[in-house]
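If you read the sequence shown in my numbering, its first letter stands for residue 354, the second for the next number, and so on.
Ideal Cβ placement from N, Cα and C applies to all residues, glycine included.
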Amino acid sequence: MLNKDCERIVISEEQIAEAAERIGKQITKDYEGKEIAFISILNGAYPFTADVMRKVDVDCTIDFMQVSTYGDSTSSSGTLKIKRDISGDITGKHVIILEDILDTGYTLHNLTNYLNSKKPASLKICTFIDKPARRTEDVHADYYGFKFEEDLFLVGYGLDYAQKYRNLPYVAVLKPEVYA
Ligand code: IMP
Ligand code: MG
């Protein structure tokens, strides 16, 4: 059933499952014979991380980072703050960042600079949603679940508005009055 604050569903549970499977298979193919060091960006990427990882069939490890670029507004601003750093060493490793949304690119641009300074063997980006409409940084996703050309604010499946709605099993558009 649709959450009372949502206008419509834009990605169903079935579509999410299909995307995780497709990405997992592609990563398995691309990294055959290698070991992957996944870095998941909390909080938003946690359901996507769990779903994609379980469809990956090569050796892998998982670490987490938490960064903040904005408070309770709907767009990135200010400087990237690392609230939680990775706990392992990624030097010489094949790193894949798992992120919820690539929007302006500000977060991932800064994150890739930071992680590249640790000299991984390779570094790729896997994002659940790619929203190129507001891109200001030169960042592209190596893997993505869904691309939205339209500039919509989405919630559900890890994506929040003011920390809520992460629990929804689908992705939906909020009713405009919710953020008014
Ligand atoms: P960027 O730094 O502008 O690329 O923003 C990336 C971050 O903004 C993502 O990790 C999300 O947490 C957040 N974000 C961007 N668009 C949305 C949205 O539509 N819904 C929820 N969070 C969003
Ligand atoms: Mg985020």
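Using a threshold of 8 angstroms, state whether the C-beta atoms of Ala486 and Asp504 are closer than that.
Yes, they are a contact pair.
By a C-beta neighbour count over all protein chains shown, 10 Å radius and 16 as the cutoff for buried, is Pro522 buried or exposed?
Classification of Pro522: exposed, given that the 10 Å Cβ count is below 16.
Quick check: is any heavy atom of the ligand IMP less than 7 angstroms from the C-beta of Tyr459?
Flag set: Cβ of Tyr459 near the ligand IMP.
Given this structure, state the Cα-to-Cα distance separating Ile435 from Val420, to the nearest angstrom.
Rounded to the nearest angstrom, the two C-alpha atoms are 4 angstroms apart.
If you drop the 5 nearest sequence neighbours on each side, which residues of the same chain put their C-beta closer than 6 angstroms to that of Tyr518?
These residues qualify, in order along the chain: Val508 and Gly509.
Span of the alpha helix (DSSP H) holding Ile443?
No alpha helix (DSSP H) holds Ile443; DSSP gives it neither H nor E.
Does the count of Cβ pairs from the region 405-413 and the region 454-471 closer than 8 angstroms reach three?
They do not touch, by the three-pair rule.
Taking 7 angstroms as the line, does the beta carbon of Val506 fall inside it for any heavy atom of the ligand IMP?
One detail in the question is off: residue 506 reads as Phe in this sequence, not Val. Within the cutoff, so yes.
Please return the same chain residues whose Cβ sits closer than 6 angstroms to the Cβ of Val524, not counting the five positions on each side in sequence.
The answer, listed in chain order, is Val363, Ile364, Leu507, Gly509 and Tyr510.
Can you list, in chain order, the residues of its chain whose CB lies under 6 angstroms from that of Cys479, leaving out five sequence neighbours each side?
Ile449, Leu451 and Tyr496, listed in sequence order.
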